[in-house]
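Asker:
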Amino acid sequence: MSVRPAGDFKTSYAQDMALLDTALYRIGFALLLGALLAAPLVLGRYLFLLNTIGIFALGAVGLSLLTGFAGQISLGHSAFMAIGAYASWYVTTRLGLPFLAALAFAGAATFAIGALVGLPSLRIKGLYLAIATMAFQFITEYVIIHTAGGMGGTVVPAASLFGFQIRTETQFYYLLLPIWVAGGVFAANLVRGRVGLALMAVRDRDYAAQVLGVNLLQYKTLAFALGASYAGVAGSLFAHYNRVIGAEHFTILQSIDFIAMIVIGGLASVWGPHLGAGFVILLNQGLRYVTPSLVTLLPTFARAATPLREIVFGALLIGLLIWEPGGLAMLFRKLKRYLDLWPFPH
Amino acid sequence: MGPATPLADTVLRIERVTLRFVGLTAIDDLSLAVRAGELLGIIGPNGAGKTSVLNCISGFYHPQAGRILFRDQDITHRPAHARARLGIARTFQNIALYPGMTVLANITSGRLLHMRAGVLAGGVYWGPAQRELVRHRERVEEIIDFLELEGHRDHRVAELAYGVQKKVELGRALAMEPRLLLLDEPMAGMTADEKADMARYILELREVRGIPMILIEHDMGVVMDLCDRLVVMDYGRKIAEGLPEAIQHDPRVIQAYLGEETVA
Ligand SMILES: Nc1ncnc2c1ncn2[C@@H]1O[C@H](COP(=O)(O)OP(=O)(O)OP(=O)(O)O)[C@@H](O)[C@H]1O
Ligand SMILES: [Mg+2]
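Line by line, the protein sequences give chains A and B. For the first sequence, our numbering assigns the number 3 to the initial residue and increments by one for each residue that follows. For the second sequence, our numbering assigns the number 3 to the initial residue and increments by one for each residue that follows.
(1) Flag this pair as touching only if the stretch 43-57 of chain A and the stretch 282-289 of chain A have three or more C-beta atom pairs under 8 Å; answer yes or no.
(2) State the CB to CB distance for the pair S1(A) and F226(A), rounded to an integer number of angstroms; the pair is presumed to be in contact (CB under 8 Å).
(3) Compute the Euclidean distance between the alpha carbons of K338(A) and L77(A), then round it to the nearest angstrom.
(4) Are the C-beta of A131(B) and some C-beta of chain A separated by less than 8 Å?
(5) For T298(A), is the classification buried or exposed, using 16 other Cβ atoms within 10 angstroms of its Cβ as the cut-off for buried?
(6) Just to confirm my understanding: we take A123(B), look at its own chain, exclude 5 residues before and 5 after, and list those with CB closer than 7 Å. What are they?
(7) Give the secondary structure of M215(B) by DSSP, where H, G and I count as helix, E and B as strand, and everything else as coil.
(8) Hey, how far is the Cα of I90(B) from the Cα of H242(A)?
(9) Less than 8 Å between the C-beta atoms of L135(B) and L185(B), yes or no?
(10) With respect to the alpha helix (DSSP H) encompassing V265(A), which residues constitute its N-terminal and C-terminal limits?
(11) What residues from chain B crowd round Y209(A), counting only those whose CB sits closer than 8 Å?
(12) Rounded to the nearest angstrom, what separates L114(B) and V216(A) at their Cα positions?
(13) Put E134(B) into one of helix, strand or coil per three-state DSSP.
(14) Given the structure, does L217(B) come close to ligand 1, in the sense that its CB is under 7 Å from one of the ligand's heavy atoms?
(15) According to DSSP, is S162(A) part of a helix, a strand, or is it coil?
(16) Report buried or exposed for Q75(B), applying the criterion of at least 16 other Cβ atoms within 10 angstroms of its Cβ.
(17) Buried or exposed for E40(B), going by 16 or more other Cβ atoms inside 10 Å?
(18) Between T93(B), L88(B), A35(B) and E17(B), which lies nearest to T53(B) when the distance is taken from Cα to Cα?
(19) Return the Cβ separation of V105(B) and V170(B) in integer angstroms, given the expectation that the two are a contact with Cβ distance under 8 Å.
(20) When every heavy atom of ligand 1 is checked, does at least one fall within less than 7 Å of the C-beta of G46(B)?
(21) Looking at V36(B) and L182(B), is the spacing between their C-beta atoms short of 8 Å?
(22) Name, please, each residue of chain B whose Cβ falls closer than 7 Å to the Cβ of V216(A).
(23) Sort out for me which residues DSSP pairs G86(A) with in a bridge.
(24) Is S271(A) helix, strand or coil when you go by DSSP?
(25) Would DSSP call K240(B) helix, strand or coil?
(26) What residues of chain A sit near R73(B), judged by a beta carbon separation below 7 Å?
(27) For S111(B), decide whether its Cβ has a neighbour in chain A, counting only Cβ atoms nearer than 8 Å.
(28) What would DSSP say about F58(A), mapped onto helix, strand or coil?
(29) If you run the structure through DSSP and keep just helix, strand and coil, what is T193(B)?
(30) Taking only the alpha-carbon atoms, compute the straight-line gap between E42(B) and I77(B) and give it to the nearest angstrom.
(31) When you compare each of F62(B), Y237(B) and Y259(B) to D30(B) by their alpha carbons, which one comes out closest?
(32) Report yes or no: do three or more beta-carbon pairs, one from the stretch 85-93 of chain A and one from the stretch 259-277 of chain A, lie closer than 8 Å?
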């Protein structure tokens with residue numbers, strides 16, 4: 003249910019259906035865009051955090067389409083990221099094509115492979131689908147190790163845009179930002195139209211969706227294709243950002259991190275994957291920063307320090323699932339609802 | 003058997019359909035037809051096979067024998083979604099709405115088969131995709147008006163009373179602009195007022211829009227008042243067919259209902 007400030011009357015359906023349907027939202031979104039544009043000035047040497055968040059948020063958007071909106075679980079999301087990364091490496095180094103071509107190719111190739119991987123989802127569901135996607139994850143890792151040479155092996159050239167080399171964090175950021183925003187807006191538009199409605203219909207009650215004329219196979223494979231394509235684009239960006247790619251970047255742990263992102267952010271939410279990616283990456287970095295000082299303070303702590311990340315993560319996930327299953331996006335919505343009504347609670 | 007039905011104005015024809023589950027024959031050599039603009043009632047005791055007939059028509063159950071023809075097309079082996087796309091809409095005995103979505107979204111989902119915008123257009127939401135959504139919204143609002151659901155437009159379905167949910171489910175089926183509407187006990191669990199409203203909607207759908215319908219209902223008063231013709235089932239077989247007045251006094255029907263409930 004949506005609660006809107008009193009006095010906010012829509013005069014047409016078009017207006018009622020706009021993505022940013024109130025002046026408040028539009029101002030808020032403009033402010034956010036402004037802040038993102040100005041971020042390099044403020045963040046300085048911490049800009050790498052925002053670059054990392056943007057890349058993984060794009061990947062998480064894909065998983066949120068697949069899992070959050072279409073209800074198909076996947077433990078192989080980072081495998082698609084790997085395919086995008088290596089496709090991008092191949093297109094730029096072996097074919098000598100520019101970065102944008104590599105990005106597009108990574109997106110298209112993962113779209114097609116995603117559709118193929120999604121085909122069995124008509125027959126297998128839930129836990130079995132999780133196992134099948136996990137198998138895909140392991141096969142991909144195996145292929146990488148035995149062809150590209152495993153750990154940290156493959157060097158990717160810097161992205162170049164119309165002959166201009168993207169080398170610094172700030173340059174990369176301004177390359178990433180438009181793709182990040184466009185990817186986010188595209189998904190947000192998609193989920194409120196025909197595709198989103200059909201995906202949610204499949205997720206919530208597949209036989210009712212069939213009665214509405216929804217072809218389950220078509221939409222499930224579309225969900226896999228779209229989800230994989232976002233991961234592929236994220237993989238391409240990651241490859242040209244990190245400049246070195248290897249099997250260790252695309253493990254099943256990374257796939258699980260993606261799941262954590264969309265659960266923490268809010269499963270069926272357009273803001274969820276962005277918030278979740280931000281949270282997970284900041285938490286990762288934060289723990290990496292805090293743990294060594296903890297160990298020097300308390301040497302006995304050293305043995306517990308290695309799994310600290312997993313422990314904190316697990317606790318947070320369980321806590322969030324109990325406290326607010328809607329994730330961060332729902333927390334924000336509640337806060338906003340509260341502010342809308344302030345100072346008159348209800 | 004009932005009166006012969008000329009093929010020309012027959013919308014749906016079920017020919018000698020038999021459906022077996024392990025150790026049980028749910029539908030036994032059943033034939034029936036729905037004519038253009040007709041409201042056909044299917045009645046019978048619990049477990050008679052009424053819902054199974056709808057499931058065969060909409061493609062969830064696959065009969066071991068017989069054929070199902072919709073507007074002279076053999077749809078016996080078509081998948082469920084393809085039958086929906088031909089214009090067969092239905093409601094379910096135990097409501098199959100999307101509880102987490104609003105009334106508006108639920109009814110809009112009935113427009114899915116009329117929506118054309120592709121993935122790219124939908125993601126960019128420019129021009130055609132936007133105009134299309136607005137156009138569908140108008141159709142959905144007409145249905146909301148028709149079913150008097152204005153006050154519930156933005157409510158999540160899970161929050162609504164059972165009777166209101168039944169109306170929403172009818173609304174979703176109507177949004178498909180059906181050429182055949184299958185209603186499985188649309189008034190079960192409703193209050194007397196809600197039943198009267200539902201009867202009014204069904205009558206208007208038949209009279210004003212001329213939508214052919216199959217109505218399964220246990221309330222004999224409603225069935226006798228609304229339906230043009232009745233098919234009575236028992237143990238998967240058709241035991242009688244004809245006009246409501248005739249059915250009421252048919253000894254076989256009274257026999258089948260003995261110990262269940264008496265025909266009013
Ligand atoms: N999927 C199924 N698997 C096994 N048996 C089934 C299945 N569906 C229905 N049946 C059986 O087929 C018979 C007919 O069931 P059906 O639901 O069609 O009856 P009905 O006339 O709609 O009854 P009611 O008035 O209680 O809704 C019942 O004995 C039922 O148990
Ligand atoms: Mg039934």
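Just so it is clear, CB atoms sit at the ideal spot from N, CA and C, and this is done for glycine as well.
Answerer: According to the structure shown:
(1) The stretch 43-57 of chain A is in contact with the stretch 282-289 of chain A.
(2) Because chain A is modelled from 3 through 348, residue 1(A) falls outside the range shown and cannot be assessed.
(3) Roughly 33 Å separates the two Cα atoms.
(4) Proximity of A131(B) to chain A, defined by a Cβ-Cβ separation below 8 Å, is satisfied.
(5) T298(A) is exposed by the Cβ-count criterion.
(6) Counting only Cβ-Cβ distances below 7 Å, and skipping sequence neighbours, we find P130 and A131.
(7) In the structure shown, M215(B) sits in a strand (DSSP, three-state: E or B).
(8) In a straight line, the C-alpha of I90(B) is about 52 Å away from that of H242(A).
(9) For L135(B) and L185(B), no; Cβs fall outside 8 Å.
(10) V265(A) -> alpha helix (DSSP H) spans I254 to G267.
(11) Chain B residues near Y209(A): F62, A82 and A98.
(12) Looking at the two C-alpha atoms, the distance is approximately 8 Å.
(13) Three-state DSSP puts E134(B) in a helix.
(14) If you check the C-beta of L217(B) against ligand 1, you find no heavy atom less than 7 Å away.
(15) In this structure, S162(A) counts as strand in the three-state DSSP scheme.
(16) Exposed, by the Cβ-count rule.
(17) Its Cβ being crowded by 16 or more others within 10 Å, E40(B) is buried.
(18) Measuring from the Cα of T53(B), the nearest candidate turns out to be T93(B).
(19) Yes, V105(B) and V170(B) are in contact; Cβ-Cβ is about 5 Å, under 8 Å.
(20) Yes, the Cβ of G46(B) comes within 7 Å of a heavy atom of ligand 1.
(21) Yes.
(22) Against chain B, a Cβ distance below 7 Å from V216(A) picks out H83 and L114.
(23) In the DSSP secondary-structure assignment, G86(A) is not bridged to any residue.
(24) Looking at S271(A) - three-state DSSP - the assignment turns out to be coil, as it is neither helix nor strand.
(25) Collapsing the DSSP output to three states places K240(B) in a strand.
(26) What R73(B) touches in chain A, judged by beta-carbon distance under 7 Å, is nothing: the nearest beta carbon there is about 16 Å away.
(27) Output row for S111(B): interface = yes.
(28) For F58(A), the secondary structure class from DSSP, reduced to helix, strand or coil, is helix.
(29) In this structure, T193(B) counts as coil in the three-state DSSP scheme.
(30) This sequence places Leu at residue 42(B); Glu is not what is there. Approximately 20 Å, taken between the alpha carbons.
(31) In terms of Cα proximity to D30(B), the closest of F62(B), Y237(B) and Y259(B) is Y237(B).
(32) Contact between the stretch 85-93 of chain A and the stretch 259-277 of chain A is absent, because fewer than three Cβ pairs lie under 8 Å.
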